[in-house]
Structure formats: C-alpha cells, structure tokens
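Working notes, structure below.
There are 2 protein chains.
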Amino acid sequence: MTLVPLMLDLKGKKVVVIGGGHVAKRRVDSLLDTEAFLTVISPKLIPELIHHHEKARIDWKQKYFSPDDVEGAFLIITATNNRTANRIVVESAPSDCLINAADEADAGNVHFPAHFERGKLTVAISTQGASPLLAKKIKKDLSCQYDERYEQYLDFLFEVRQLLKQSSFSHQERNNYLHKILSEVYLDPQTQKEMLHSLEHYIKNIN
Amino acid sequence: MTLVPLMLDLKGKKVVVIGGGHVAKRRVDSLLDTEAFLTVISPKLIPELIHHHEKARIDWKQKYFSPDDVEGAFLIITATNNRTANRIVVESAPSDCLINAADEADAGNVHFPAHFERGKLTVAISTQGASPLLAKKIKKDLSCQYDERYEQYLDFLFEVRQLLKQSSFSHQERNNYLHKILSEVYLDPQTQKEMLHSLEHYIKNIN
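Chains as they are written, first to last, in the UniProt record's numbering: chain D, 1 to 207; chain B, 1 to 207.
Here it is as structure tokens:
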C-alpha cells in the first residue's frame with residue numbers, strides 16, 4: 001500500500017467516530033479544532049468524551065452502530081474495542097468514503113500520522129504501522145529541534161511573503177528576500193521586527 | 001483554516017488533474033505509485049506527461065475542462081495557468097470531493113505537503129503556504145538526518161514487531177524489545193541481523 005501524505009481541511013464535513021473509549025477520545029481530540037461535524041456513536045462514553053458532549057463539541061448517538069449512522073459521512077473512524085464490530089463498520093461505509101480503522105490501519109484508507117504543530121508549521125511522521133514508537137520518538141526529537149520559536153517565526157515568514165506580494169519588487173528581488181529570511185538569525189523576534197520595519201519602509205518609498 | 005495531516009490510500013480512486021504543464025506533472029509524479037486512476041484534462045501536454053500517457057500511466061482527455069470530467073472524482077487537482085479556469089473547476093466539483101488548487105491552496109480543501117520517504121517512513125512538512133521555501137529547507141535537512149539507512153531500519157522494525165506479535169511473550173517483554181530496538185545502534189544492518197537471529201531462536205525455543 002502506498003500512502004500519500006496530505007493536509008485536509010475538514011471544516012463542515014461529517015465525521016463519524018464509532019466507539020466511546022480512549023481510542024475514540026484520541027481521534028476526537030485531534031479533530032476538535034477542525035470545525036468538522038463530529039458525531040460519536042457508542043452506548044457509553046468515557047468521562048472526557050461526555051465532557052466534550054456537554055460542551056457541545058461533539059454529537060453523541062447513545063446506541064450501537066447501524067449502517068445509517070455513516071450515511072453521507074466524509075470520514076469514518078472505527079474505534080471500538082471489538083475487531084468484528086469495526087469490520088462491520090468498514091463494510092457499511094459508503095464507497096469513496098474516507099475510513100480510518102484505528103485498530104487495524106490497513107482495513108481503512110486513512111492513517112493518522114504522528115505530528116506536531118508550531119503555528120502554521122506542521123511536521124507529520126508515519127511509519128505505516130512498522131513502528132509507532134519510532135514515529136513517537138522522531139516526533140519528540142523534532143519538536144525539540146523545531147521549538148516554540150517557530151510559531152512566531154512562521155507568522156513572520158507569512159507576513160514578509162504577503163508584503164512582497166503587494167510590492168513592486170522584481171521576481172529576483174522577492175526571491176532574495178525569501179531566501180534571506182530562512183537564515184536562523186530570523187528566529188529572533190527582535191531581528192524579525194527590524195526586518196519587517198525596514199521592508200515596510202522600503203516598499204512604501206519605492207511603490 | 002485548520003488542516004489535519006493524514007496519510008491516504010488512493011488505490012483505485014479516480015483522480016482528475018486539470019492542466020497539462022509543469023504543475024500538473026509535479027502532482028502526477030507524486031501520485032504515480034498510488035495505483036489511483038489518473039486522468040489529465042488538457043488540450044496540450046508537456047513531453048514528460050505525453051511520455052506518461054504513452055506508457056499508460058495516465059489517461060489523457062485532450063480537451064478543455066467541462067464539469068462532466070470530474071463526475072465521480074475522489075480527488076481533483078486544478079493545475080492550469082489560468083486562475084479563472086481553476087476557479088470554474090473548483091465550483092464544478094461534486095460536494096465532499098477532495099480538491100487541491102495548486103495555484104491558490106486555500107481555494108481547495110487539500111494541500112500537498114513537502115515530504116520525503118525512507119521505505120515505510122514518511123516525513124511530511126507543511127507551512128500552510130507561509131513559506132514553501134522553509135518547507136523545502138526542512139525537508140532537505142531532515143532527509144539528511146534520517147538518511148538512506150532508515151529504509152532498511154524500518155523493515156527491520158516491522159519484522160521484529162511481526163515476530164513479537166506471533167510470540168508468546170508478555171506485553172511487558174514485547175515492549176522491552178520494541179523500546180530496545182529504537183537505539184541508534186540498530187541502524188547498523190549487522191546488528192539488525194544478529195537481533196533477528198537471536199529473537200527467532202528465542203521465540204522458537206519458548207513457544
């Protein structure tokens with residue numbers, strides 16, 4: 001199986017999670033910020049999921065799975081502790097639907113890689129199930145390497161790019177700037193500030 | 001927009017690429033190994049895409065885009081050099097379809113992150129458009145850090161995991177092994193071989 005790494009916008013999409021335990025919770029937590037419509041199907045929920053339900057972050061159908069639960073679903077996540085039940089869900093899924101089988105990744109067509117975020121920067125690590133522990137280790141190592149400073153740094157890079165787009169600079173001049181700010185000295189907020197000031201000033205005078 | 005990093009299996013899915021130039025080629029190249037059904041819609045193709053067509057790696061509809069081209073598509077990629085044409089494609093897309101707008105990522109719901117592979121290991125880097133150059137730089141740095149040895153190392157990790165699953169080891173014993181092989185000494189093929197031999201021998205004797 002060849003898996004393609006993609007970044008998906010799930011805003012407004014119907015996501016159905018079958019199961020109400022810790023695996024379901026982990027998936028729900030990773031999707032809370034996406035503005036997807038999250039529905040959990042399970043006779044029982046662990047307290048953390050009940051809390052999400054009380055805060056109206058998720059819908060809860062307090063029942064066992066039936067095929068109509070996944071009608072119109074964009075993404076289905078099977079997360080019960082019963083492999084047979086999970087398989088029934090996979091078999092009931094609409095064709096062309098995205099399916100993540102949390103207990104048996106190869107039964108679905110979507111894997112959730114380990115990942116971390118620094119604002120606009122996302123680094124995702126997948127071992128296609130060969131070693132979840134290695135994925136976790138690499139994630140830990142890289143989240144030290146690309147530390148908290150990167151969040152602000154990415155905002156800075158974004159801002160410079162927007163300024164350059166509005167400027168009358170030549171393609172070559174823009175490229176020079178975009179390459180220059182890749183230097184690690186720009187991880188420093190003061191250096192970012194000075195660069196932004198000078199760039200704004202420069203653009204104002206030449207435009 | 002909050003984007004979720006996912007790994008997708010596109011085997012057997014209909015993927016339609018609108019455009020026949022270098023951007024289209026880059027996307028097609030990144031999807032050739034996926035066993036997706038790739039169709040390119042464009043009056044003209046650059047030679048590399050013609051080559052893919054001649055080798056039956058892609059279908060080619062030699063025409064301008066019309067909405068019926070994307071009926072039943074799982075993933076649509078707009079890659080013409082005309083922003084208006086790209087927008088028309090986005091507006092014609094079936095609801096719940098995945099769309100990558102190569103020239104204007106936010107118009108779609110899918111981004112392609114920078115990434116590299118080492119066999120079963122995939123590391124993907126996205127800056128949500130803030131700095132494609134930074135994504136490229138991080139990709140380069142990390143592909144040195146996680147060098148070619150990782151391909152065989154991932155196969156080794158996978159093999160050990162499979163052996164342990166078949167064994168009668170306790171949960172604790174399995175965990176000890178899985179943690180032990182995360183040590184960098186196991187990047188060495190000879191050390192891998194010795195571990196596999198000793199593990200096979202041990203399992204044979206205790207099972």
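Every residue gets a Cβ at the ideal spot worked out from N, C-alpha and C, and that includes glycine.
Residue i and residue j closer than 8 Å at C-beta
{"i": "I206 of chain D", "j": "S170 of chain D", "result": "no"}
{"i": "L121 of chain B", "j": "Y150 of chain B", "result": "yes"}
{"i": "L157 of chain B", "j": "K137 of chain D", "result": "no"}
{"i": "S92 of chain B", "j": "F116 of chain B", "result": "no"}
{"i": "E159 of chain B", "j": "L196 of chain B", "result": "yes"}
{"i": "G72 of chain D", "j": "K14 of chain D", "result": "yes"}
{"i": "N86 of chain B", "j": "E104 of chain B", "result": "yes"}
{"i": "D69 of chain D", "j": "I41 of chain D", "result": "yes"}
{"i": "S131 of chain D", "j": "R161 of chain B", "result": "yes"}
{"i": "A79 of chain B", "j": "I18 of chain B", "result": "yes"}
{"i": "residue 209 of chain D", "j": "H51 of chain D", "result": "Absent from the model: residue 209 of chain D. The displayed extent of chain D is 1 to 207, so no value can be given."}
{"i": "P5 of chain B", "j": "P5 of chain D", "result": "yes"}
Cβ-based burial, residue i [other Cβ within 10 Å; buried from 16]
{"i": "V185 of chain B", "result": "exposed"}
{"i": "Q128 of chain B", "result": "buried"}
{"i": "M1 of chain D", "result": "exposed"}
{"i": "Y64 of chain D", "result": "exposed"}
{"i": "K180 of chain D", "result": "exposed"}
{"i": "K25 of chain D", "result": "buried"}
{"i": "S198 of chain B", "result": "exposed"}
{"i": "P47 of chain D", "result": "exposed"}
{"i": "residue 241 of chain D", "result": "This structure does not reach residue 241 of chain D, given that chain D is present from 1 up to 207, and the question cannot be answered."}
{"i": "I9 of chain D", "result": "It should be pointed out that residue 9 of chain D corresponds to Asp in this sequence rather than to Ile. With 16 or more Cβ atoms within 10 Å of its Cβ, D9 of chain D is classed as buried."}
{"i": "H111 of chain D", "result": "buried"}
Identified DSSP bridge partners for residue i
{"i": "I18 of chain B", "result": "B:I41, B:T78"}
{"i": "H115 of chain B", "result": "B:A124"}
{"i": "M7 of chain D", "result": "B:P5, B:H111"}
{"i": "N100 of chain D", "result": "D:I77"}
{"i": "K61 of chain D", "result": "D:I41"}
Cα-Cα separation between residue i and residue j, rounded to whole angstroms
{"i": "N100 of chain B", "j": "P113 of chain D", "result": "20 Å"}
{"i": "K11 of chain D", "j": "A36 of chain D", "result": "5 Å"}
{"i": "L45 of chain D", "j": "Q62 of chain D", "result": "9 Å"}
{"i": "R174 of chain B", "j": "L163 of chain B", "result": "10 Å"}
{"i": "D147 of chain D", "j": "R118 of chain B", "result": "24 Å"}
{"i": "H22 of chain B", "j": "E194 of chain D", "result": "37 Å"}
{"i": "P189 of chain D", "j": "Q145 of chain D", "result": "18 Å"}
{"i": "S30 of chain D", "j": "K165 of chain B", "result": "28 Å"}
{"i": "D141 of chain B", "j": "T39 of chain B", "result": "34 Å"}
{"i": "N176 of chain B", "j": "K55 of chain D", "result": "40 Å"}
{"i": "H201 of chain B", "j": "D106 of chain D", "result": "29 Å"}
{"i": "I203 of chain D", "j": "L49 of chain D", "result": "51 Å"}
{"i": "V90 of chain D", "j": "D96 of chain B", "result": "19 Å"}
Closest Cα partner of residue i within the set the options
{"i": "A102 of chain B", "options": "B:R118, B:R83, B:Q172", "result": "B:R83"}
{"i": "L98 of chain D", "options": "D:I88, D:I76, D:W60", "result": "D:I76"}
{"i": "P67 of chain D", "options": "D:V16, D:S198, D:Q152, D:E54", "result": "D:V16"}
{"i": "Q152 of chain D", "options": "D:L187, D:V123, D:Q166, D:A135", "result": "D:L187"}
{"i": "P94 of chain B", "options": "D:F74, D:V4, D:D106", "result": "D:F74"}
{"i": "M7 of chain B", "options": "D:L49, D:V123, D:K165, D:L32", "result": "D:V123"}
{"i": "D59 of chain D", "options": "D:Q145, D:K165, D:G20", "result": "D:G20"}
{"i": "T34 of chain B", "options": "D:Q192, D:D141, D:L3, D:K55", "result": "D:L3"}
{"i": "D155 of chain D", "options": "D:V90, D:K55, D:Q192", "result": "D:Q192"}
Neighbouring residues, chain E, relative to residue i (Cβ below 7 Å)
{"i": "I125 of chain B", "result": "Absent from the structure is chain E; the protein chains it does hold are D and B."}
Cβ-heavy atom distance, residue i to the ligand ADP, below 7 Å
{"i": "E35 of chain D", "result": "No copy of the ligand ADP occurs in the structure displayed, which carries no ligand at all."}
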